[in-house]
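Visitor:
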Amino acid sequence: MEGLNILVTGGNGFLGSWLSNELANKDAKVFALFDKDNPGSVFDSRLSTAIKGDIRDMAFVKKTIEKNNINICVHLAAQTIVSEANKNPVVTLETNIRGTYNVLECARLLGIKVIVASSDKAYGYQKELPYTEETPLKGLHPYDASKSCADLIAQAYHNTYGVTVVITRLANIFGGGDMNMSRIVPSAAVSIARNEAPVIRTDGTPVRQYIYVEDAVRAYMKIIEKIDDVAGEAFNFGSSKPMTVYDIVKAMMNAANMKGEPIIRGESIKGEIHSQYLSSDKALKMLGWKPAFAMEDSLKKTIAWYRKYTGAANE
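Numbering (our numbering), first residue to last: -14 to 300.
(1) In the DSSP output, which residue or residues are listed as bridge partners for Lys14?
(2) Does the beta-carbon distance from Val59 to Val(-7) come in below 9 Å?
(3) How many angstroms separate the CA atom of Glu246 from the CA atom of Gly189?
(4) Identify which residue in Lys207, Ala204, Leu263 has its Cα closest to the Cα of Met228.
(5) Since Cys58 sits in a beta bridge, which residues does DSSP pair it with?
(6) What residues are listed by DSSP as bridge partners for Arg193?
(7) Could you tell me the distance, in whole angstroms, from the CA atom of Ala92 to the CA atom of Thr149?
(8) Are the beta-carbon atoms of Ala201 and Ala268 separated by less than 9 Å?
(9) Anyone know if the C-beta pair for Asn53 and Asn144 falls short of 9 Å?
(10) Sorted by chain position, which residues of the same chain lie with C-beta nearer than 6 Å to Asp129's C-beta, five sequence neighbours on each side aside?
(11) DSSP state of Lys112, grouped into three classes?
(12) Going by the CB atoms, is the gap between Ala63 and Thr49 shorter than 9 Å?
(13) Counting Cβ pairs, one atom from each stretch, are 3 or more of them under 8 Å apart for the segment 224 to 241 and the segment 153 to 172?
(14) With 9 Å set as the bound, which would you pick, yes or no: does the beta-carbon of Lys275 sit closer than that to a beta-carbon of chain B?
(15) For the beta strand (DSSP E) that Thr153 lies in, which residues bound it at each end?
(16) Near Leu4, which residues of its chain fall below 7 Å by C-beta distance, leaving aside the five closest residues on each side in sequence?
(17) Return helix, strand or coil for Ala63, following the three-state DSSP convention.
(18) If you reduce the DSSP assignment to three classes, tell me which class Thr80 lands in.
(19) Which one or two residues does DSSP pair with Val184 in a beta bridge?
(20) When the Cα atoms are used, what is the spatial distance from Ala216 to Val101?
(21) Report the three-state DSSP secondary structure of Ile320 (helix, strand or coil).
(22) Quick one: is Glu119 buried, meaning 16 or more other Cβ sit within 10 Å of its Cβ, or exposed?
(23) Is Met237 buried or exposed, if buried means 16 or more other CB atoms sit within 10 Å of its CB?
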């Protein structure tokens, strides 16, 4: 990575902080763009240049890219909370769609390369599982639709203008440093760290696929290494076999040697899809990527991080 100037939007976010740190450790010059501080993030400000600003401001994005001679932008910045998207759709759409086309337009004008973070949610509801990269994008609700739109716009910039773009569609990422407590893994990890029964807000039956954050970082590193060879491609990344929400929580409790059962609330959020999981075969074939971290070990590392974060490790 030596000699590369890489802009990571959302660079102090959950995935962005892990990726920024790893890129810097591999000798890239990293510029982390974010709009506000993120307490609890693993972002190491000693390794990257922090830049505060709004991804929705195209003039600011363009100036940032020009000033720092950026070669590659990894565009992670997004509003990612489904319930917030339902309550506040305009902010979500502006951040996730405008933010993406701002980066892509700057790439077109300035000749840089871009990796756009889409999501497994961009596929929307599908009868056939697992999703492959050929599965149509048809998000039906604000967050999902914002990711479908951003994904299609990224494809359009490659197909129309020849911008070097690669799209990532990841399963549910988990690991230390995720402060979004609407997600089941960090929420359950904090409860387990405090020796409290984890709470499942649904009935526990929704099926999801998970990917440990260090495997997600490895996916981005592989793409950066081969970005010219895979320009215009989209890739799915998921580590685990599909699991119900109940099963992932029980796996966490078992990893922590915690007895008992989670509390099941039986609630639902409009727009959440019941079953989602991905095929990562294309990533293996074209990038040589496959998960390197076993689920049990990843959960143990995650719980250990939250024990330390909450102070439970010292009790």
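Note that beta-carbon positions come from the ideal geometry of N, C-alpha and C, so glycine has one too.
Guide: In this structure, then:
(1) Asn(-10)
(2) yes
(3) 12 Å
(4) Leu263
(5) Leu(-8), Val99
(6) In the DSSP output, where bridge partners are listed per residue, Arg193 has Met228.
(7) Their Cα atoms are separated by approximately 8 Å.
(8) No, these two residues do not count as a Cβ contact at 9 Å.
(9) no
(10) Lys106, Gly109
(11) coil
(12) no
(13) The answer is yes - the segment 153 to 172 touches the segment 224 to 241, with three or more Cβ pairs under 8 Å.
(14) Here chain B cannot be found, since the structure has a single protein chain.
(15) 150 to 155
(16) Val(-7), Val59, Val202, Tyr205
(17) coil
(18) helix
(19) Val184 is bridged to Ile248.
(20) Spanning the two alpha carbons is a distance of roughly 11 Å.
(21) Here the chain covers residues -14 to 300 and nothing more, so residue 320 does not appear.
(22) exposed
(23) buried
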